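Here the sequence shown is numbered in the working numbering, starting from 11 and rising by one per residue. We put the CB at the ideal spot given by N, CA and C, even for glycine. Since we're looking at a predicted model, the values are computed, not measured. Quick notes on the structure that follows.
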Amino acid sequence: MYKIAVAGTGYVGLVAGVCFAEVGHQVTCVDIDKKKVEIMKSGISPIYEEGLEELMQKNNAAGRIDYTTDYQSAYKDADAIFIGVGTPEQPDGSANLSFIATVARQIAESVVKDCLVVVKSTVPVGTNDKVEQFIKDFLINDVKVEVASNPEFLAQGSAVHDTLHAERIIIGTESKQAEHLLMKIYEPFHLPIVSVSRRSAEMIKYASNDFLALKISYMNDIANLCELVGADIQDVAKGMSFDERIGSKFLNAGIGFGGSCFPKDTKALEYIARQNGYELKTVKAAIGVNNEQKTMLYKKASKRLITFNGLKVAVLGLTFKPGTDDLREAASLENVPLLLEQGANIFAYDPVGAENFAKVHPEGRGGRGSITYVSNIEHALEGANVCFIFTEWGEVKAVTPEKYKALMRTPLVYDGRNIYRVDKMQEAGVEYHSIGRKSTI
Ligand code: NAD
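Below is the structure:
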């Protein structure tokens, strides 16, 4: 059992902290957000992740995990301090490392015994060398602090499962002691561990995420061509998926990738390449395809309708994917402002994301139109002139084709997630447009 501190209680930090406690370590989670800390202490998760709250309550009760804003007490005698703070994108595409730098300084000013600092946040290659030097520069006490890289691969929506059953754990270290300690910390998880250098570990994270982003953009590119030549992207993907060299995952065409990772990690790697005098053409292309893809359906609908002005527009799904309340880089955030600007009266449904979305687009008038949040899909569809599907929530998938026909004023549906069979929508009398498949008229 080790004494572990975790800096940052977002999707990465909180899930890591809770899972470390679950396997028996003594954990203190640190965040600067007092409100968040208070609610976590009471056993409530500030983020929506399946199974997280149950594990929090179990480990809170067992006394294996605590939450605090007092970083000094958490860091001072920890064996290992994991950093999971954000590294958001800056306007030039580079990663903002100011949160990491703040934590590094707080660690340097707090530790009273030797410890290992483990960076889980996604950071540009070479950052951890700098973090180690930065900590050394600011150390107050005569202790040894090493930095290791341990990039995170969880996917939001299945974060707890992904952590407890990770396909691999990547550790990047520069000394045998650091490698040994990380191996021991992860031993109770009984998962495959890949041990590499610090810089390779940092690169593995970007190379993996950007490869998946490439896969999505490639399928979206092919989907757009399918529409032009009369092929069906779902049949094409199915045919491709049997080839083990390709694999069956991440072949779904749609309205583009969002979330807190793929958009920023593609831009960050492209930026790193540029800084090193190299043009990363593949990743650049993936970014370009994705940017176009996000408003693809809006553009299609704009061509089909004379105007959105005064139309009731149903929007089903606001989060960037199901199973999360995260809106970062969600397609809805691109499309809703365009619709509002064009005078649409939006009725939006999302089972968990509406509250966060309302912080960006408060209920009421917006642009030349308005937005209303509904807790019932039928209210969104009733009398609607057009419907956009942005997230494939189970609740949305459960709406039958007949419902669109029965409830909408004009059964006109633009589906960014290809959740319906084209023939079923056709049979129900719905005008249905999706991605990379034929439309029904
Ligand atoms: P997040 O924005 O959800 O959470 C970051 C947390 O850090 C916030 O609660 C914030 O209050 C806190 N914080 C900021 N400064 C702090 C400080 N000085 N001390 C303590 N807490 C502080 O971030 P996230 O989505 O969990 O991502 C964290 C990192 O992990 C990023 O680099 C991201 O790219 C990477 N990552 C994210 C995912 C994901 O699915 N979200 C997956 C893999 C990797």
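Let me check one thing: in DSSP terms, what residues is residue 281 bridge-paired to? Answer is none; residue 281 lacks a bridge partner.
One question on the structure: do residue 90 and residue 14 come within less than 8 Å of each other, judged by their Cβ atoms? In terms of Cβ geometry, residue 90 and residue 14 form a close pair [threshold 8 Å].
Considering only residues of the same chain and omitting the five flanking positions on each side of residue 104, which have a CB-CB separation below 7 Å? In the same chain as residue 104, and ignoring 5 residues on each side of it, the C-beta atoms closer than 7 Å to its own belong to 278, 281, in chain order.
Residue 77 (DSSP reduced to helix, strand or coil): Assignment of residue 77 by DSSP, reduced to helix, strand and coil, places it in the strand class.
May I ask whether a heavy atom of the ligand NAD can be found less than 7 Å away from the beta carbon of residue 270? At least one heavy atom of the ligand NAD sits closer than 7 Å to the Cβ of residue 270.
Is the number of C-beta pairs between the stretch 142-155 and the stretch 166-179 that are closer than 8 Å three or more? For the pair of segments examined, the stretch 142-155 was found not to touch the stretch 166-179: the number of CB pairs separated by less than 8 Å stays below three.
DSSP state of residue 85, grouped into three classes? Secondary structure at residue 85: helix, using DSSP grouped into helix, strand and coil.
Measure the alpha-carbon distance for residue 24 versus residue 152 and round it to whole angstroms. Across the structure, residue 24 and residue 152 are spaced so that their CA atoms are roughly 30 Å apart.
Return the first residue and the last residue of the alpha helix (DSSP H) that residue 425 is part of. In the DSSP assignment, residue 425 falls outside any alpha helix (DSSP H) and lies within the beta strand (DSSP E) extending over 422-425.
First and last residue of the uninterrupted alpha helix (DSSP H) at residue 342: Here the alpha helix (DSSP H) through residue 342 covers 341-351.
Hey, would you say residue 231 sits closer than 8 Å to residue 293, going by beta carbons? Using a Cβ distance threshold of 8 Å, residue 231 and residue 293 do not count as a contacting pair.
Among residues of its own chain, excluding the 5 on either side of residue 116, which ones have a beta-carbon nearer than 6 Å to its beta-carbon? If the five residues before and after residue 116 are omitted, its C-beta is found closer than 6 Å to the C-beta atoms of 81, all from its own chain and listed in chain order.
Quick test of your reading: residue 427 and residue 381, contact by CB under 8 Å. State the CB separation rounded to the nearest angstrom. Separation of the CB atoms of residue 427 and residue 381 is rounded to 21 Å, and the pair is thereby denied contact status at 8 Å.
Using the rule of at least 16 other Cβ atoms within 10 Å of the residue's Cβ for burial, across every protein chain shown, is residue 190 buried or exposed? Around the beta carbon of residue 190, fewer than 16 other beta carbons lie within 10 angstroms, which makes this residue exposed.
Residue ranges of each beta strand (DSSP E) within the stretch 134-211, 3 or longer: Segments of the beta strand (DSSP E) lying fully in the stretch 134-211: 155-159, 179-182, 203-206.
Helix, strand or coil at residue 300 according to DSSP, with G and I counted as helix: In the structure shown, the three-state DSSP call for residue 300 is helix.
Within 7 Å: the Cβ of residue 260 and any heavy atom of the ligand NAD? Residue 260 Cβ: outside cutoff for every heavy atom of the ligand NAD.
Residue from 122, 218, 208, 408 whose Cα sits closest to the Cα of residue 386: Nearest C-alpha to residue 386: 408.
Any chance you could list the beta strand (DSSP E) runs of at least 3 consecutive residues sitting entirely within the stretch 246-296, in chain order? Counting whole runs of 3 or more residues, the stretch 246-296 contains no beta strand (DSSP E) stretch at all.
The stretch 310-323 / the stretch 388-404 touching (three or more Cβ pairs under 8 Å): Output reads yes: the stretch 388-404 touches the stretch 310-323.
DSSP bridge partner residues for residue 232 (one or two, in chain order): Note: residue 232 sits in no beta bridge, so no partner.
Based on Cα-Cα distance, which residue from 217, 133, 124 lies nearest to residue 187? Among 217, 133, 124, the Cα nearest to that of residue 187 belongs to 124.
Under 7 Å: does the beta carbon of residue 276 sit that close to some heavy atom of the ligand NAD? Taken from the Cβ of residue 276, every heavy atom of the ligand NAD lies 7 Å or farther away.
Of all the options 60, 20, 29, which has the alpha carbon lying nearest to the alpha carbon of residue 42? Restricting attention to 60, 20, 29, the CA atom closest to the CA of residue 42 is found in 20.
For residue 355, the three-state DSSP class (helix, strand or coil): Three-state DSSP puts residue 355 in a strand.
Express the C-alpha separation of residue 59 and residue 168 in angstroms, rounding to a whole number. Spanning the two alpha carbons is a distance of roughly 7 Å.
Do you know how far the Cα of residue 51 is from the Cα of residue 212? Taking the straight line joining both Cα atoms gives about 32 Å.
For residue 126, tell me which candidate among 273, 12, 135, 268 has the shortest Cα-Cα distance. For residue 126, the nearest C-alpha among the options comes from 12.
Which residues mark the beginning and the end of the alpha helix (DSSP H) in which residue 13 is found? From DSSP, residue 13 is part of no alpha helix (DSSP H) but of the beta strand (DSSP E) over 13-17.
Does the ligand NAD have a heavy atom nearer than 7 Å to the CB of residue 163? Checking the 7 Å criterion, the Cβ of residue 163 is within range of a heavy atom belonging to the ligand NAD.
Starting from the Cα of residue 456, find the closest Cα among 373, 337, 383 and give me that residue. It is not possible to answer for residue 456, since the shown part of the chain is limited to 11 through 451.
Enumerate in chain order the residues of its own chain whose CB-to-CB distance from residue 128 is below 6 Å, with the five nearest sequence positions on each side excluded. In its chain, beyond the 5 residues on either side, 90, 92, 158, 160 have a beta carbon closer than 6 Å to the beta carbon of residue 128.
If residue 354 and residue 318 are in contact, beta carbons under 8 Å, what's the gap, nearest whole angstrom? Taking C-beta atoms under 8 Å as the contact rule, residue 354 and residue 318 qualify, at a distance of about 4 Å.
Using 8 Å as the threshold, is the C-beta distance between residue 401 and residue 331 below it? Yes, these two residues count as a Cβ contact at 8 Å.
Residue range of the alpha helix (DSSP H) that residue 321 falls in? No alpha helix (DSSP H) contains residue 321, which DSSP labels as neither H nor E.
DSSP puts residue 36 in a beta bridge; with which residues? Checking the DSSP bridge columns, you'll see residue 36 partnered with 13.
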